[in-house]
Structure formats: C-alpha cells, structure tokens
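Just so you know, the protein sequences line up as chains A and E, in that order.
Here the numbering used here is used: the first residue of the first sequence is 27, the next is one more, and so on.
Here the numbering used here is used: the first residue of the second sequence is 37, the next is one more, and so on.
First comes the structure, then the notes that go with it.
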Amino acid sequence: MAQKTILLVEDNPDDEALTLRALRKSKILNNIVVARDGVEALDYLFCTGSYSDRDPHDLPQVVLLDLKLPKIDGLEVLRRVRAEDRTQMLPVVILTSSKEELDMANAYINGANSYVRKPVDFNQFVDAIGQLGLYWLVLNEVPPQ
Amino acid sequence: MDKSTLSPRIIPPEINAEELRGLQDYWDVYEAHRDEIFGELLRRIAQIPEFRFFIENTSLHPSAEQQRENIERQRRAIYEGEWEPYLNNLWEQGKSYAQAGLDFRSWFLVVSAFRQLVRPYLLEAYNQTPNRLLDAMTGGDILIEFAMSVIGESYLDTKEQLIRERDQKIQAAIEREHADEIFRGLLETAPDPVVVVNSEGSIILVNTQFERIFGYLRDDVIGQSVDILVPTRFHQQHPTHRGHYYKEPRVRPMGSGLELYGVHKNGSEFPVEISLSPLDTADGILVTAAIRDISERKQVEEQIRKLNADLEQRAVQLEAANKELEAFSYSVSHDLRAPLRTIDGFSMALLEDYGEKLDDDGRNYLMRVRTAAQRMSQLIDDLLNLSRVTRAPLNAEPTNLSSIVQRVVHELQQTNPDRIVDVSIMPNLVAESDPRLIKVVLENLVSNAWKYSSKQEFARIEFGVLEEAVNGRVYFIRDNGVGFDMAYVNKLFGVFQRLHTSSEFAGIGIGLAIVQRIISRHGGRVWAEGAPNEGATFYFTL
Numbered sequence: 027m028a029q030k031t032i033l034l035v036e037d038n039p040d041d042e043a044l045t046l047r048a049l050r051k052s053k054i055l056n057n058i059v060v061a062r063d064g065v066e067a068l069d070y071l072f073c074t075g076s077y078s079d080r081d082p083h084d085l086p087q088v089v090l091l092d093l094k095l096p097k098i099d100g101l102e103v104l105r106r107v108r109a110e111d112r113t114q115m116l117p118v119v120i121l122t123s124s125k126e127e128l129d130m131a132n133a134y135i136n137g138a139n140s141y142v143r144k145p146v147d148f149n150q151f152v153d154a155i156g157q158l159g160l161y162w163l164v165l166n167e168v169p170p171q
Numbered sequence: 037m038d039k040s041t042l043s044p045r046i047i048p049p050e051i052n053a054e055e056l057r058g059l060q061d062y063w064d065v066y067e068a069h070r071d072e073i074f075g076e077l078l079r080r081i082a083q084i085p086e087f088r089f090f091i092e093n094t095s096l097h098p099s100a101e102q103q104r105e106n107i108e109r110q111r112r113a114i115y116e117g118e119w120e121p122y123l124n125n126l127w128e129q130g131k132s133y134a135q136a137g138l139d140f141r142s143w144f145l146v147v148s149a150f151r152q153l154v155r156p157y158l159l160e161a162y163n164q165t166p167n168r169l170l171d172a173m174t175g176g177d178i179l180i181e182f183a184m185s186v187i188g189e190s191y192l193d194t195k196e197q198l199i200r201e202r203d204q205k206i207q208a209a210i211e212r213e214h215a216d217e218i219f220r221g222l223l224e225t226a227p228d229p230v231v232v233v234n235s236e237g238s239i240i241l242v243n244t245q246f247e248r249i250f251g252y253l254r255d256d257v258i259g260q261s262v263d264i265l266v267p268t269r270f271h272q273q274h275p276t277h278r279g280h281y282y283k284e285p286r287v288r289p290m291g292s293g294l295e296l297y298g299v300h301k302n303g304s305e306f307p308v309e310i311s312l313s314p315l316d317t318a319d320g321i322l323v324t325a326a327i328r329d330i331s332e333r334k335q336v337e338e339q340i341r342k343l344n345a346d347l348e349q350r351a352v353q354l355e356a357a358n359k360e361l362e363a364f365s366y367s368v369s370h371d372l373r374a375p376l377r378t379i380d381g382f383s384m385a386l387l388e389d390y391g392e393k394l395d396d397d398g399r400n401y402l403m404r405v406r407t408a409a410q411r412m413s414q415l416i417d418d419l420l421n422l423s424r425v426t427r428a429p430l431n432a433e434p435t436n437l438s439s440i441v442q443r444v445v446h447e448l449q450q451t452n453p454d455r456i457v458d459v460s461i462m463p464n465l466v467a468e469s470d471p472r473l474i475k476v477v478l479e480n481l482v483s484n485a486w487k488y489s490s491k492q493e494f495a496r497i498e499f500g501v502l503e504e505a506v507n508g509r510v511y512f513i514r515d516n517g518v519g520f521d522m523a524y525v526n527k528l529f530g531v532f533q534r535l536h537t538s539s540e541f542a543g544i545g546i547g548l549a550i551v552q553r554i555i556s557r558h559g560g561r562v563w564a565e566g567a568p569n570e571g572a573t574f575y576f577t578l
C-alpha cells in the first residue's frame, strides 16, 4: 500500500511548525504536503499549476484545511473540492482557530467531514492532532476511488 | 267671491214657507223705509265711540253703490233663494271689520239699535193684522240673527287667523333673535379664530379667538378688507380666489394642498388651515372662515420628522456597529488566538527539546509564559461568548426554569461527586424566555452558588420566586457561601471584575456580566444581596 499522504493547508508558519511537531509527537510519520494558500491547495488536488505533472489519481488520505487563507479561503476550497467528481468524497477536516457558530455551520453545510478547533494549550493540541491522525489515517476507511 | 272662502260653519238658512212669508213682509217694510232707518242708525252709531272709527273710515263705510248692491243681494236672497252672494258679502264684511280692529261688542250695539229702529215701521205696517206683524218681526229677527252669526263667525275666524299670524311673526322674531344668539354663541365658543366676510371681501364679524391670535381688536378690523390678514404676496390672487368661491359657495377647506399663512397685527406670519362655509343671510351670502393656527402642529411634525430621521440614522449606525462587532469577533476568534498558540506551542517545544539546558527558574518562567497564554485564550473565549450573547436573536417561549436548575445541579454534582449540597428547587417555575440564553444565566448563577459555598460545612442552595408589588415575579438563587461585601456590589456585574482572587476561587469574572446582558435583553433586571460569610442571593426578573 502506498504511503498515505496528508495535505495540510495552513498559511501561518508557526502553526505549520506546531502541527508538524504535533504529528511527529503523535508518531504519525506519513508524507505531509503543505499548501500555504487556497490556490496552492487546489493546484495540488486538481494537479494544476505547479502541480500539473502530478498523478490525478493520487489523492491524499485526509486534508487538514484552515479556514482563513490567502487568495482563496478554506470554505471556497471545500466547495470546489466537493463540486469535483474525483474529489467529492475526499475526507476534509477543518482545522481552525475559530469557534464561531457561523464558521462551523458553513463548514458542515459545504461538506466538511469534521471540524476541529486548534487549542492554545500545546498539550491539548498534540492530543487533538494525535486523535485526528489515529481516526483518519488508521480507523477510517477511505472511499472507493 | 268664491264659495270656498265660506266658513264650513256657515250653512244657508233653512226657512219654511211661513217664515219666508214673514221674512218677505219684513223686507218690504224695511226696504220702504230703508233711508230713514239707515239715516237714524248712522246718527246713533256715531254716538258709540268704538264705532265712530267705522263711520269715519271710508274704506270700511260702504259707498252708495255698495249699499245698493247689498240691498239687491238681500232682496234676491229673500225673494229668489239666492243666499250665497249675500252670505259671501256678509263674510267679507265681518273680515274687513275684524281686520280694521273693530270690537265685536260694538256690532252688537249697532244691530240692537237697528232692530229697534225697524220695529216702529213694522208695527205701523201690520197694525191691523197682528199675525202678520208677528210673522214679519220673526222674519226680521231670523234675518238679523243669521247675518249676525255669519259676520260673527267671519269676525272670529279672521281674528283667530290674525292672532295666529301675529304669533307666528312674534315666534319668527323670537327665533330669529335666538338664532342670532346661538350664532354668536357658536362664534365665541369656537376654538379657533372665525372671520365672517361679505361678498366685497370686507370683514363684518370676528370672535374673541380672532383677537387673541391675530392681535387685532374687533373694532380695528370690522369693515376692513380681509386682505389685511393675508400675506402681501398673495394679495394679487386673493380677490380672484374669493370671486371663484362666491360663484360656487360650499363648505370646504381653503386652498387644499397649499401652505396657507395668516398675518398677525405685528406683521409676523404663521401657518394656518382655513375652512370656509357660506352663510345665506338677508344681506346676501357671507363667508365664514374658521382659521386654525397650526404653528404648533407644524413644529411637532417637524420634530417628529427629525426624530424619525435621527432614529433611521441611528438604526443605520447600529447596524453598522453590529456588523463591525461581528467582523471584530470573527477576527478575534481567528487572529488573536494564533499568536497565543505560537507562544504556548514553542514554549512547550523549548521545554521539551531544551528543558535539560535550563535550570528550575528557567523552566518555571516558561511555565508562567504558557499559563499566561492559556489564560489569555480563556479571556478571549469569554469575551466572544459575551458578545455572542449580545448578538444572538432572542426567541422567547414558556420555559421551565426549575427543570433547568435541576439539570445544572445534576451536572455539577456529577463533576464534583464528593460535594454534599442541600439543594432546594421550587418546582415548575415557568417563565417566558429564550431557553438557550436563560440556561446560560441559570448555569452561571447556580455554578457560582455551588462554587462559593464550597468551603461551607453544610452548603445550601435555594432556587425560588417571590411575588413583589413593585417588581412582580422575582426569581432568586440563594447560597450560604462566602457572600460578599455590599460595598462592592457595583463591581459584581462588570466584565472581568472579581471580588475574590483566582487562588481563592477559580474564575475570571465574566459570568455575571453575561447574566446581566441576557437578563436585560429579556427586559428584566438582575441584582444581588449579600454579606461576607453570610451567603449571597441573586435576584432577577424577566
């Protein structure tokens, strides 16, 4: 079985470093691709732009998607992913700072599989990332291609 | 003379053959001596003062011609049975006497005199035949009495009619005077100035309110042109408009849709409303103009317009403020927390990766950095909660407060299984409120009671309601915990205000601020009473 990739869409380098550290601490050693804005994330998923020579059938196991992103925001990324046949069933976990009800509602309406708020306490953050990894990479069965 | 003018009470006499013979005998004697009898009669009645007038008044005194006609009518009645012309004539005579104001009693005297004057001639004529004398006298009496009764009826009828007419005239006069009085009364009691104008545009009547509002005295304006009350700029058109009104006078407001102004004696103008009504009088059509000073109404309208405009602007500002607040909350929610995560995360990384290179102080400092970051994160969350409470829509419905308190206590008991608290909840207190928001209130108040009674050996919490005259239904949550000093009661509901240190009791001081917002959004009030170490009671209305 091929190495399961995680697509982390995150513009804040501190959060990126902390997330990667948390993944590492949770013994999640998968290949992690980081996209730093919405456009880059879509390019990766749809194999366009700088990712045009990627194999379109090689989809990540899970996308960890921030909501506030430069260029195209997280909700729009989610909408486009769900609009595309090839990616409509791709597991997408919203990983964000916000606990605003509107954000949560919009995420679920647009087809997010899960909504996780990043805790400030790093111990809790590691915990959360660990559980996410365990669930989406080990327990969860991916949809048929 | 038409027959119909005869009084229905007069019926031509029914005379039998015997009476007719007597009547004709009488007539023959009277006609033979008419001049002597009549001459003597005139002499005699000249002695009756009431009748002298009749003698002297030629219009009433029959001319020779009329007398001849009278004689002829009488003769034809007696000899040919043609009573009607004779009776009509008698009727007319009675009428003219009555109209001349002749006393009816005088007539009686005349007729008695006449009877006496005729009698000697009858005696002389029928001296030899007493039966004929008796019949002729009876016939004469029949004629005289019949004539008397016709004239009498006519006289009375006319008198009655005259009295009726006079009464009507008097009544009409009284009514006219009364109407005048009523009109003046109405004019004076009218709430607004009233000006009565004739067809030339001259003022002929005003009321006291006019004097008050326009500053003129009655005598200043009576006879003046109504134009003195109209701004100069309207002088040119005003007579034309007035002319139009007189062509089609009816009750209507003046210049509907136009802004009208009156001019005070001192020259100042004020906005007015005028209603016109025509008044048909003996002096031609007059126009009554009721003038209402609407300065005050205009001012009020202007104020209302301004207030509405202000209100609209405020609503716009409020909406903008709300949008801004939402944008702010959104930004706080996302952006303010990220740096805190960095501070905490990298402090942790430092501790984990380089912990051995630091001494206890260094590690302690990093722990303090982390604690502060986490606390700030908590503060941000609480502020966001507070702002959410303010922004959330209010959906009030009947809500069972008692069962919410029961659930909250149950949760607290599960979280702190070792606490033994005597909880008393008045059952089934239902209030019209937003169930989600009121739950936040009760959670805060009950957890406070739970928290601040934790050091008590026998903790007690009570939820109930009081019926107060001033406040109506007042709900309360009481505990026997540490209480507070009433000197600081004003700080209780402030944001991040605390009466205890975090080491004494955990918390950051946002709960009661949220409680107060929710209660005031329900249109209620919340307040507290307490004393150090004697517990606290929180009251609220909805």
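Backbone N, C-alpha and C fix where the C-beta goes; we use that ideal spot for every residue, glycine too.
If you're wondering where the values come from, they're calculated on a predicted model, not measured in any experiment.
Item                                                                                                                                                                               : Value
Note down the Cα distance separating Glu305(E) from Ile330(E), rounded to an integer number of angstroms.                                                                          : 11 Å
Once you ignore the five residues that flank Gln114(A) on each side, which residues in its own chain have a CB closer than 6 Å to its CB?                                          : Arg108
Under a CB-based cut-off of 7 Å, is Ser124(A) close to chain E?                                                                                                                    : yes
Please list the segments of the beta strand (DSSP E) lying wholly inside the segment 90 to 173 of chain E, counting only runs of 3 or more residues, in order along the chain.     : none
Name the chain E residues whose beta carbon is nearer than 7 Å to that of Arg47(A)?                                                                                                : Ala385
Please check the pair Gly100(A) and Val35(A), which I expect to be a contact at CB under 8 Å, by giving their CB distance rounded to whole angstroms.                              : 7 Å
Compare the C-beta of Val89(A) against all C-beta atoms of chain E and say whether one is closer than 7 Å.                                                                         : no
The segment 537 to 569 of chain E: which residues have C-beta closer than 8 Å to a C-beta of chain A, in chain order?                                                              : none
Nearest by alpha-carbon distance to Tyr115(E): which of Gly530(E), Glu67(E) and Ala485(E) is it?                                                                                   : Glu67(E)
Residues of the segment 40 to 68 of chain A with a CB closer than 7 Å to any CB of chain E: list them in chain order, please.                                                      : Asp40, Asp41, Leu44 and Arg47
Using three-state DSSP, classify Lys39(E) as helix, strand or coil.                                                                                                                : Residue placement at Lys39(E) is poorly supported in this model, since its pLDDT is 44, which falls under 50; the coordinates still yield a value, given next. Reduced to three states, the DSSP call for Lys39(E) is helix.
Return the CA-CA distance between Val146(A) and Gln157(A), expressed in angstroms with no decimal places.                                                                          : 16 Å
Measuring only the C-alpha atoms, how far is Glu50(E) from Ile206(E)?                                                                                                              : 43 Å
Which whole-angstrom value is the C-beta distance of Val146(E) and Ile81(E), which I expect to be below 8 Å?                                                                       : 5 Å
Report the CB separation of Arg57(E) from Asp139(E) in whole angstroms; it is logged as a contact under 8 Å.                                                                       : That pair is no contact at about 36 Å.
How about Leu169(E) and Tyr162(E): are their beta carbons less than 7 Å apart?                                                                                                     : yes
Give me the DSSP bridge partner(s) of Tyr77(A).                                                                                                                                    : The partner list for Tyr77(A) (beta bridge, DSSP) is empty, contrary to what the question assumes.
Taking only beta-carbon positions, decide if Ala410(E) is within less than 7 Å of chain A.                                                                                         : Reading off the sequence, residue 410(E) comes out as Gln, not Ala. Cβ-Cβ to chain A under 7 Å: yes for Gln410(E).
Check whether the Cβ atoms of Pro289(E) and Ser311(E) sit closer than 7 Å, and answer yes or no.                                                                                   : yes
Could you give the first and the last residue of the continuous beta strand (DSSP E) run that contains Glu658(E)?                                                                  : No information on residue 658(E) is available, as it lies outside the stretch 37 to 578 that chain E covers here.
Can you give me the Cβ contacts of Asp38(E) inside the same chain, cut-off strictly under 7 Å, excluding the 5 residues immediately before and after it?                           : For Asp38(E), the predicted model reports a pLDDT of 44, less than 50, meaning its position is unreliable and no value from the coordinates is stated.
Would Gly381(E) count as contacting chain A if we go by Cβ distances under 7 Å?                                                                                                    : yes
Any beta-carbon of chain A closer than 7 Å to the one on His370(E)?                                                                                                                : yes
Please report whether the beta-carbon of Val146(A) lies at a distance below 7 Å from any beta-carbon of chain E.                                                                   : yes
What first and last residue would you give for the alpha helix (DSSP H) that runs through Ser413(E)?                                                                               : Asp396 to Arg427
Is the beta carbon of Ala325(E) sitting closer than 7 Å to the one on Val242(E)?                                                                                                   : no
Where do the ends of the beta strand (DSSP E) carrying Pro314(E) lie?                                                                                                              : Glu305 to Thr317
Please state the DSSP three-state secondary structure of Leu465(E).                                                                                                                : coil
Counting contacts by CB-CB distance shorter than 7 Å, is Tyr161(A) in contact with chain E?                                                                                        : no
With a Cβ-Cβ cutoff of 7 Å, do Leu376(E) and Met412(E) count as a contact?                                                                                                         : yes
Indicate whether at least one CB of chain E lies closer than 7 Å to the CB of Asn38(A).                                                                                            : yes
Please list the partners that Asn136(A) has in chain E, where partner means a Cβ-to-Cβ separation under 8 Å.                                                                       : Near Asn136(A) there are no residues of chain E at all, since even the closest Cβ is about 17 Å away, more than 8 Å.
For the segment 490 to 505 of chain E and the segment 530 to 538 of chain E, state whether three or more C-beta atom pairs, one from each stretch, are separated by less than 8 Å. : no
Please report how far the alpha carbon of Ala567(E) lies from the alpha carbon of Glu503(E), in whole angstroms.                                                                   : 23 Å
In chain A, what lies closer than 7 Å to Ser413(E) by C-beta?                                                                                                                      : Val146
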